[in-house]
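Each remark here refers to the structure printed beneath this line.
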Amino acid sequence: MTLIEHLREARTRLFRILLALLVGAAAGYLLSDQILEILRTPIEALALSRNASLNYDSISAAFDLKLRIALFAGAALSSPVWLHQVFAFFLPGLTRREKNYTLGFFVAAVPLFVIGCVTGFLLFPHVVELLAGIASTDDSTVLVASYYVDFVMKLVLAVGVAFVLPVFVVLLNAVGVLPGRTVVSSWRIVILGILVFSAIATPSADIATMFLLAVPMAALFAAAALIAVLHDRVAAKRRARLLTDDTAHYRDADIDRELDIDRNLVDA
Numbered sequence: 000m001t002l003i004e005h006l007r008e009a010r011t012r013l014f015r016i017l018l019a020l021l022v023g024a025a026a027g028y029l030l031s032d033q034i035l036e037i038l039r040t041p042i043e044a045l046a047l048s049r050n051a052s053l054n055y056d057s058i059s060a061a062f063d064l065k066l067r068i069a070l071f072a073g074a075a076l077s078s079p080v081w082l083h084q085v086f087a088f089f090l091p092g093l094t095r096r097e098k099n100y101t102l103g104f105f106v107a108a109v110p111l112f113v114i115g116c117v118t119g120f121l122l123f124p125h126v127v128e129l130l131a132g133i134a135s136t137d138d139s140t141v142l143v144a145s146y147y148v149d150f151v152m153k154l155v156l157a158v159g160v161a162f163v164l165p166v167f168v169v170l171l172n173a174v175g176v177l178p179g180r181t182v183v184s185s186w187r188i189v190i191l192g193i194l195v196f197s198a199i200a201t202p203s204a205d206i207a208t209m210f211l212l213a214v215p216m217a218a219l220f221a222a223a224a225l226i227a228v229l230h231d232r233v234a235a236k237r238r239a240r241l242l243t244d245d246t247a248h249y250r251d252a253d254i255d256r257e258l259d260i261d262r263n264l265v266d267a
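Going by numbering that gives the first Met the number 0, the first residue of the sequence shown is number 0, and it counts up by one from there.
In structure tokens:
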């Protein structure tokens, strides 16, 4: 494929991505009021015990907030389309091994990211309750709407990325950057980080709620560590077999060379 053809394909796929984002953003704008009502739920719960409200700091802030929600929802709703377009554009230029790694990464990462985002969305009311509950009940909790929505979006994305991190561990191990021994030896630090993150994200008196988040994340890390160790063992056996084959090849070549020398001496 020539450079001009590549540029034409890139233009076509970029147009499809923009169209998908536009349609998704339009749908997100229509759903923005319902989404904002869901995001407002923790604030309404706080208002039962203190003065708490969601506020706008400018005349156009409400419209800006609806646009922000629409863009975020549009990117999420249209993600199957733009992910497919990006993947289809780069796939032909990859080697067979790179294609397998890339396909495996997407197949594992996308569902885990979605599950993580859903989990983060379910957890954000608890996080709001924890952080806002630090203030005295005599104080007023006055939240700027744009900052509040940004906080929720970042929290949702952070939990989604946290669920995908084990896939990155496996990918780094597959390309030889991160040995399986290193992954296994770091389990104490990882488990501690998971427990701290889960305790902050689920500030409930019931410890079972914390473990509902901690156990899946720990299981994902354990699976990533197991895959990394098994991959290293298979790679080590493959290298040993290749080394044995090469040694046998050179040994046979030396024997043939010695036989040729002996044969030449006999002929002489």
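C-beta: ideal position from N, C-alpha, C; glycine also. All figures in this text were calculated on a predicted structure; none of them were measured in a lab.
*alanine 131 to leucine 35, Cα distance in whole Å?*
If you number the sequence shown from 1, residue 131 lands on position 132. If you number the sequence shown from 1, residue 35 lands on position 36. Taking the straight line from one Cα to the other gives about 19 Å.
*Any heavy atom of the ligand ADP within a distance shorter than 7 Å of the CB on isoleucine 206?*
The ligand ADP is absent from the structure shown, which contains no ligands of any kind.
*Short Cβ contact (8 Å threshold) for glutamine 84 with isoleucine 193*: Position 85 of the sequence shown, counted from the start, is the residue given in the question as residue 84. Position 194 of the sequence shown, counted from the start, is the residue given in the question as residue 193. No, they are not a contact pair.
*On the three-pair Cβ rule with 8 Å, is the segment 39-57 touching the segment 71-90?*
no
*Of all the alpha helix (DSSP H) runs that stay within the bounds of the segment 91-132, which reach a length of 4 or more residues?*
95-131
*Any chance the segment 20-36 sits against the segment 93-104, with 3 or more Cβ pairs inside 8 Å?*
no
*What's the C-alpha gap between arginine 238 and arginine 232?*
The count along the sequence shown starts at 1 and reaches residue 238 at position 239. The count along the sequence shown starts at 1 and reaches residue 232 at position 233. Distance between the alpha carbons of arginine 238 and arginine 232: 10 Å.
*asked:* Measuring straight from C-alpha to C-alpha, what distance separates valine 109 and alanine 144?
replied: Here the question's residue 109 lines up with position 110 in the sequence shown. Here the question's residue 144 lines up with position 145 in the sequence shown. When rounded, the distance between both Cα atoms is 30 Å.
_What does the alpha-carbon distance come out to for the pair arginine 180 and valine 195?_
Locating residue 180 in the sequence shown gives position 181, where the first residue counts as 1. Locating residue 195 in the sequence shown gives position 196, where the first residue counts as 1. Using only the alpha carbons, I get a separation of about 24 Å.
_valine 127, buried or exposed, once every other Cβ within 10 Å from all chains shown has been counted against 16_ = Sequence index remark: in the sequence shown, residue 127 carries index 128 (1-based). Buried: at least 16 other Cβ atoms inside 10 Å.
*asked:* With three or more beta-carbon pairs closer than 8 Å as the criterion, would you say the segment 154-162 touches the segment 56-68?
replied: no
*Check whether the Cβ atoms of valine 72 and glycine 23 sit closer than 8 Å, and answer yes or no.*
Stepping through the sequence shown from its first residue, residue 72 is reached at position 73. Stepping through the sequence shown from its first residue, residue 23 is reached at position 24. Per the sequence shown, residue 72 should be read as alanine rather than valine. Yes, they are a contact pair.
*Where serine 273 and valine 176 are concerned, what is the direct C-alpha to C-alpha distance, given to the nearest angstrom?*
Since the displayed the chain opens at 0 and closes at 267, residue 273 lies outside it and no answer follows.
*At what residues does the beta strand (DSSP E) containing leucine 142 begin and finish?*
Position 143 of the sequence shown, counting from 1, holds the residue named residue 142. Looking at the DSSP string, the run of the beta strand (DSSP E) that includes leucine 142 is 139-143.
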